[in-house]
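For reference, the structure discussed in these notes is given below.
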Amino acid sequence: MLFATAVYAENAPETAGHGTEEAGKEKKEGEFDPAELIMEHILDAHEFHFFSLGETEVSIPLPVIVYSKERGLAAFSYGNFHHGHEAYNGYKSEEGKIVAVDAEGKVDEAVTLYDFSLTRNVVQMFLALTLLVVLMINVANKYKKGGAKTAPSGFQNAVEPVITFVRDEVAKPNLGSAYGKYMPYLLTVFFFILINNIVGLIPGTANVTGNIAFTVVLGVISFFVIVFSTNKHFWAHIFNPPVPFLVKFILVPVEFIGIFTKPFALIVRLFANMVAGHIIITCFVMLIFIFGAMSQVAGWGFSPVSVAFTVFIYLIEILVAFIQAFIFTNLTAVFIGQSREGAHDDAHH
């Protein structure tokens, strides 16, 4: 930790010989880059990419919608970029970002571009939302039709234990007699995160819950629910805690910051866990090609081990999908319960 020096794992420094940098670039063009593929898998994109067969890319391009004062509104398919290799209609895709280009194909800095494109995260989130609404309305209609007289059937039979679990193990212990008011929000958050987690495990789909923008929005919504559930007892403990006077100068800032760190914890926990799981799965798959780049025999020999570990982690990720939906919902209920500190119905509960 006290002494360090620079070592070169692959290419020698430029001073060691002429042309080494160019040689390194030529070498990197055709070689397998696991880091790049991992980032492509976990980041957002303008297409659903499934696999490649030689020069053929099997993917579903999504709509590109951009606006600028200089050029107006433009809408077209991302497929016109030919996977980012060509420009189209004065625009080009550079590392997944749509930019305006001039006649020579160079980035036009004079154009201020606003991108409203439907990326795969957005499209998949809408699909998950549609799936959530259709499934839950179907279950609700069965309850309307049969009520308590008819035994649950089909998907209703699978959902009912989950709903009662959220009610009895999450809402009631943390919210007391006011649990009914928050059940719609808690159930919506739980099933919305769960469906996005499960859909994100299908090969070729997007890791929506592994997108920080997605978890930030959920965290901000929970923040407002928590803040609007507060009362005078909560704010009295924040700004006038029952501690010695001098300690208040330390505790009040800590308690005030805690108001914002609670939703921040929700945001980071869901994002980090889902990203980490996808990276691990992808890394185990990539090991086949990493060993294959060293030796074809090593690649084939390590394939069964890599597939076994991938399936194992994949099964764990299915469990994590449920756990993370539960943790986000449970912590939200805990924070709401803390914000309702000293409420009148607590004594009754």
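Under numbering that gives the first Met the number 0, the first residue of the sequence shown carries the number 0, and numbering increases by one thereafter.
A virtual CB, placed ideally from N, CA and C, is assigned to each residue, including glycine.
Helix, strand or coil for I59 per DSSP? strand
Excluding the 5 residues flanking S430 on each side, which residues of the same chain have their C-beta closer than 6 Å to its C-beta? The requested residue 430 is not part of the displayed model; the chain covers only 0 to 348.
Check whether the stretch 189-198 and the stretch 297-312 touch, using three or more Cβ-Cβ pairs below 8 Å as the test. no
Should E46 be labelled buried (16 or more other beta-carbon atoms within 10 Å of its own) or exposed? buried
Out of A320, K105, G71, V57, state which residue places its alpha-carbon closest to the alpha-carbon of E85. K105
Tell me the start and end of each unbroken alpha helix (DSSP H) in the stretch 104-169 that is at least 4 residues and wholly inside, in chain order. 119-145, 154-164
Quick check: what's the CA-CA separation for V132 versus V246? 50 Å
Exposed or buried, V169, counting other C-beta atoms within 10 Å across all chains shown (16 or more means buried)? buried
CA-to-CA distance, S228 to E340, given in whole angstroms: 10 Å
Tell me, which residues are paired with E46 by DSSP? P60
Where I41 sits in the DSSP three-state scheme: helix
Can you tell which of D167, F259, K143, A235 has the C-alpha that lies nearest to the C-alpha of F223? F259
Going by the CB atoms, is the gap between V165 and T331 shorter than 8 Å? no
Would you kindly check if the distance between the Cβ of G78 and the Cβ of P60 is under 8 Å? yes
Coil, strand or helix - K231 by DSSP: helix
Taking three-plus beta-carbon pairs below 8 Å as touching, is the stretch 110-125 in contact with the stretch 32-44? yes
Give every residue of the same chain whose Cβ lies closer than 7 Å to the Cβ of D101, excluding the five residues on either side of it in the sequence, and list them in chain order. D107
Report the rounded CA-to-CA distance for S338 versus H232, giving the unit in angstroms. 9 Å
Taking 8 Å as the threshold (C-beta atoms), are P240 and E226 in contact? Glu is not the amino acid found at residue 226; the sequence shown has Val there. Not closer than 8 Å, so no.
Given that a residue counts as buried once 16 or more other Cβ atoms are within 10 Å of its Cβ, and exposed if not, what is T55? exposed
Need the endpoints of the beta strand (DSSP E) that Y90 sits in, please. 90-93
Which value, in whole angstroms, describes the spacing of the CA atoms of G23 and D32? Unreliable positioning characterises G23 in this predicted model, as indicated by a pLDDT of 47, which lies under 50. A coordinate reading is not provided.
To which residues of the same chain is H236 closer than 8 Å at the C-beta, ignoring the five residues directly before and after it? E254, E340
Starting from the C-beta of F283, find all residues in its chain whose C-beta is less than 7 Å away, skip the five residues before and the five after it, and write them out in chain order. S305, F308, T309, I312
Is I266 closer than 8 Å to T214 when the C-beta atoms are compared? yes
Quick test of your reading: G336 and L174, contact by CB under 8 Å. State the CB separation rounded to the nearest angstrom. 5 Å
Just the Cα atoms here: how many angstroms apart are G153 and T129? 19 Å
Under 8 Å between C-beta atoms of I64 and F115: yes
Tell me where the alpha helix (DSSP H) around S338 begins and ends. 295-338
Which of helix, strand or coil does DSSP assign to K350? Given that the chain is displayed from residue 0 to residue 348, the structure contains no residue 350 and the question cannot be resolved.
Roughly how many angstroms lie between the CA atoms of H277 and N206, to the nearest whole one? 8 Å
Which residues share a DSSP beta bridge with F259? Per DSSP, none; premise fails for F259.
Please list, in chain order, all residues of the same chain as V138 whose beta carbon is under 6 Å from its beta carbon, the five residues on each side excluded. Q155, V158
Rounded straight-line distance, which links the Cα of A212 to that of P160: 31 Å
Using C-beta distances below 7 Å, list every residue in its chain close to S67, excluding the 5 sequence neighbours before and after it, in chain order. A99, V110, T111, L112, Y113
Could you name the residues of the same chain whose beta carbon sits closer than 6 Å to that of T281, not counting the 5 residues immediately before and after it, in chain order? I37, H40
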